[in-house]
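**Student:** I'd like to ask some things about the structure below.
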Amino acid sequence: RSSKTFLEHPAGGYKKIFESCDELAEPIPAHVSGKIPAWLTGSLLRVGPGLFEIGDEPFYHIFDGQALIHKFDLKDGHVTYYRRFIRTDAYVRAMTEKRIVITEFGTAAYPDPCKNIFSRFFTYFQGIEVTDNCLVNIYPIGEDFYACTETNYITKVDPDTLETIKKVDLCNYLSVNGVTAHPHTEPDGTVYNIGNCFGKNMSLAYNIVKIPPPQDDKSDPIEKSKVLVQFPSSERFKPSYVHSFGMTENYFVFVETPVKINLLKFLTSWSIRGTNYMDCFESNDKMGTWFHLATKNPGEYIDHKFRTSAFNLFHHINCYEDQGFIVVDLCTWKGHDFVYNYLYLANVRQNWEEVKKAAMSAPQPEVRRYVLPLDIHREEQGKNLVSLPYTTATAVMCSDGNVWLEPEVLFSGPRQAFEFPQINYKKYCGKNYTFAYGLGLNHFIPDRICKLNVKSKETWIWQEPDAYPSEPLFVQSPDAKDEDDGVLMSIVVKPGVTQRPAFLLILNATDLTEIARAEVDVMIPVTLHGMYKP
33 RSSKTFLEHP
43 AGGYKKIFES
53 CDELAEPIPA
63 HVSGKIPAWL
73 TGSLLRVGPG
83 LFEIGDEPFY
93 HIFDGQALIH
103 KFDLKDGHVT
113 YYRRFIRTDA
123 YVRAMTEKRI
133 VITEFGTAAY
143 PDPCKNIFSR
153 FFTYFQGIEV
163 TDNCLVNIYP
173 IGEDFYACTE
183 TNYITKVDPD
193 TLETIKKVDL
203 CNYLSVNGVT
213 AHPHTEPDGT
223 VYNIGNCFGK
233 NMSLAYNIVK
243 IPPPQDDKSD
253 PIEKSKVLVQ
263 FPSSERFKPS
273 YVHSFGMTEN
283 YFVFVETPVK
293 INLLKFLTSW
303 SIRGTNYMDC
313 FESNDKMGTW
323 FHLATKNPGE
333 YIDHKFRTSA
343 FNLFHHINCY
353 EDQGFIVVDL
363 CTWKGHDFVY
373 NYLYLANVRQ
383 NWEEVKKAAM
393 SAPQPEVRRY
403 VLPLDIHREE
413 QGKNLVSLPY
423 TTATAVMCSD
433 GNVWLEPEVL
443 FSGPRQAFEF
453 PQINYKKYCG
463 KNYTFAYGLG
473 LNHFIPDRIC
483 KLNVKSKETW
493 IWQEPDAYPS
503 EPLFVQSPDA
513 KDEDDGVLMS
523 IVVKPGVTQR
533 PAFLLILNAT
543 DLTEIARAEV
553 DVMIPVTLHG
563 MYKP
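Counted the way this note's numbering counts, the sequence shown spans residues 33 to 566.
Next up, the structure:
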């Protein structure tokens with residue numbers, strides 16, 4: 033089934049997923065074809081950018097558009113669609129002042145033109161106003177739901193009405209500068225995340241934070257959150273960009289990539305001359321990539337020096353322990369050139385030939401498996417330490433005490449990424465597993481849904497001409513026996529069609545055949561991540 037051809041997009045329909053849209057006053061009905069499984073009742077919640085300019089001021093990067101929350105409700109075979117802008121400070125102030133007020137990821141906000149030089153001078157000393165534009169993901173903490181980006185601000189939202197409840201500053205509870213949009217959750221509701229922070233003697237470190245499960249006394253678990261373990265930074269003043277991390281039953285896996293945040297630049301040039309977050313990234317072309325391990329209970333750093341060649345990493349697929357090894361599956365991008373440099377709106381809004389040309393010089397995507405030995409002896413220098421029977425990944429002790437890792441390639445296609453990975457998380461997170469699901473990016477344009485057997489490397493694909501899907505979420509069927517018994521849910525956009533240009537797609541996760549679709553009469557812009565709420 034993987035013999036399907038790589039699609040071309042000469043009509044450029046993908047440009048439409050990067051256009052602003054209006055929120056809805058109330059949920060609208062969807063037109064269902066096929067039959068939605070009777071057990072599939074609940075909400076698909078997703079977030080992404082929905083407003084790509086304020087008046088005549090454009091946002092420049094794909095991660096700058098104002099956060100829009102989307103919801104498909106499924107009940108008795110009927111489907112409705114609803115969306116609202118999240119009332120973040122960034123959004124509310126932009127609406128009030130009719131200009132970009134808060135600096136976003138790739139767009140600088142300029143000083144208020146109405147202020148005189150004196151009040152500007154004093155505003156300057158209040159320092160950086162960090163964005164709360166929570167367009168990246170939505171996840172539960174305790175009984176509550178939070179939309180998030182990667183700063184210290186998360187935003188509590190009502191999953192039913194999509195109303196914004198409150199902005200939460202994690203700095204009030206934890207010593208972190210920000211946390212990722214990809215927490216891990218245990219079956220009991222315990223949430224783990226990672227963020228960088230200033231450690232001992234002002235040098236940088238990365239903290240794993242733990243937020244306890246829902247409390248009996250109905251108090252907010254965030255108030256009881258704590259730092260569990262600290263990873264050191266390879267460079268004193270330059271933390272690596274961290275987007276996600278790995279968790280097995282007993283370990284945390286942290287991959288430190290050569291994409292660095294220049295903190296000094298971040299702190300100094302910010303308010304002076306229209307600097308944004310993107311301006312503060314730089315690549316270290318010498319360090320390669322470092323893997324770090326820590327135990328979970330109690331949280332302790334393991335001082336093994338795992339090293340490999342340079343890559344960008346955004347999404348861990350899964351990792352697990354097996355016979356004294358930790359198997360780590362990743363969606364990598366080769367080299368130290370920062371992938372986000374290729375995600376400016378100007379890039380993804382170009383004509384197809386230009387889009388393809390731009391991707392030619394970008395890092396190449398690859399799904400990789402690394403295997404980290406837990407038991408390391410200095411005397412085994414030069415020998416491969418990985419004795420798992422099923423992998424070609426290696427780990428070799430070098431004379432300097434470093435353990436050099438080489439991966440097994442699970443999927444690789446020229447400028448064809450298997451990204452936004454999902455698994456049967458409830459049953460297989462941190463455990464030996466077989467299937468990953470993902471969004472296929474074709475020169476950075478999302479145009480197919482993929483399934484990968486990580487053991488046999490077999491792939492399955494769902495695609496339609498001029499159709500642009502989003503990250504597929506796996507929902508297990510109630511009587512599931514096999515790992516892939518369930519459905520995938522994705523929001524798909526077909527900008528070329530005259531009526532009902534967007535739909536919720538429901539696929540059989542076993543073979544990626546279509547079960548049903550629920551079409552709506554509005555365009556839906558790109559979404560990044562989300563969740564299914566039963």
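The C-beta atom is built at its ideal place from N, Cα and C for all residues, glycine as well.
Ignoring anything shorter than 4 residues or poking outside the stretch 409–474, list the alpha helix (DSSP H) runs there in chain order.
**Tutor:** 457–460
**Student:** Spell out the partners DSSP gives residue 355 in its beta bridges.
**Tutor:** For residue 355, DSSP assigns no beta-bridge partner whatsoever.
**Student:** Could you pull out every residue in the same chain whose Cβ sits closer than 8 Å to the Cβ of residue 129, ignoring the five residues on either side in sequence?
**Tutor:** 144
**Student:** Thinking residue 271 and residue 225 are a contact (beta carbons under 8 Å), I'd like their distance in whole angstroms, please.
**Tutor:** Between residue 225 and residue 271 the Cβ distance is about 15 Å, and since that is not below 8 Å, they are no contact.
**Student:** Are residue 165 and residue 122 touching if we call contact CB-CB under 7 Å?
**Tutor:** yes
**Student:** For a quick check, are the C-beta atoms of residue 50 and residue 560 less than 7 Å apart?
**Tutor:** no
**Student:** Over the uninterrupted alpha helix (DSSP H) stretch that includes residue 129, give me the two end residues.
**Tutor:** 121–129
**Student:** Where DSSP assigns a beta bridge to residue 105, which residues make up the other side?
**Tutor:** 75, 112
**Student:** Quick one: measure Cβ to Cβ for residue 338 and residue 437, integer angstroms, because I've assumed they're closer than 8 Å.
**Tutor:** 6 Å
**Student:** Pull up the distance between the alpha-carbon of residue 240 and that of residue 463, whole angstroms please.
**Tutor:** 20 Å
**Student:** Leaving out five residues on either side along the sequence, give the residues of the same chain with a beta carbon under 6 Å from the beta carbon of residue 417.
**Tutor:** 405, 427
**Student:** Just tell me which of 207, 171, 204 has its CA closest to the CA of residue 191.
**Tutor:** 171
**Student:** What does residue 563 pair with, by DSSP beta-bridge criteria?
**Tutor:** 77
**Student:** What residues match up with residue 315 in a beta bridge as DSSP calls it?
**Tutor:** 291
**Student:** Quick check: the Cα distance between residue 525 and residue 555, rounded to an integer number of angstroms?
**Tutor:** For residue 525 and residue 555, the gap between their C-alpha atoms comes out near 7 Å.
**Student:** Need the endpoints of the beta strand (DSSP E) that residue 398 sits in, please.
**Tutor:** 397–405
**Student:** Evaluate the contact criterion for the stretch 365–381 versus the stretch 392–401: three or more CB pairs, one atom per stretch, below 8 Å.
**Tutor:** They touch, by the three-pair rule.
**Student:** Do residue 76 and residue 429 have their C-beta atoms within less than 7 Å of each other?
**Tutor:** no
**Student:** From residue 563 to residue 385, what does the alpha carbon distance come to, in whole angstroms?
**Tutor:** 34 Å
**Student:** Three or more beta-carbon pairs under 8 Å between the stretch 56–72 and the stretch 266–285, yes or no?
**Tutor:** no
**Student:** At a cut of 8 Å, does the stretch 443–457 reach the stretch 507–518 through at least three beta carbon pairs?
**Tutor:** yes
**Student:** Count the other CB atoms within 10 Å of the CB of residue 558; is the residue buried (16 or more) or exposed (fewer)?
**Tutor:** buried
**Student:** Kindly list the residues whose CB is nearer than 8 Å to the CB of residue 33, restricted to its own chain and excluding five residues on each side of it in sequence; keep chain order.
**Tutor:** Annotation note: pLDDT 46 at residue 33 (below 50); position unreliable, coordinate value reported separately. Excluding residues within five positions, the ones whose Cβ falls inside 8 Å are 491, 492, 493, 543, 544.
**Student:** So what does DSSP say about residue 483, is it helix, strand or coil?
**Tutor:** Strand, per DSSP.
**Student:** Residue 223 and residue 173 - do their beta-carbons sit closer together than 7 Å?
**Tutor:** Yes.
**Student:** Going by beta-carbon coordinates alone, are residue 322 and residue 288 separated by less than 7 Å?
**Tutor:** yes
**Student:** In three-state DSSP terms, what is residue 181?
**Tutor:** coil
**Student:** Between residue 451 and residue 401, is the Cβ-Cβ spacing less than 7 Å?
**Tutor:** no
**Student:** Restricting to Cα atoms, I'd like to know which of 217, 178, 215 is closest to residue 199.
**Tutor:** 178
**Student:** Applying the 10 Å Cβ sphere with the 16-neighbour rule, what's the burial state of residue 136?
**Tutor:** buried
**Student:** In this structure, does DSSP put residue 557 in helix, strand or coil?
**Tutor:** coil
**Student:** How would you write the range of the beta strand (DSSP E) that residue 332 sits in, first residue to last?
**Tutor:** 332–340
**Student:** Is the CB-CB distance between residue 132 and residue 89 below 7 Å?
**Tutor:** yes
**Student:** Leaving out five residues on either side along the sequence, give the residues of the same chain with a beta carbon under 8 Å from the beta carbon of residue 345.
**Tutor:** 275, 276, 287, 289, 321, 362, 363, 364, 365
**Student:** What residue does the beta strand (DSSP E) around residue 521 start on, and which one ends it?
**Tutor:** 518–525
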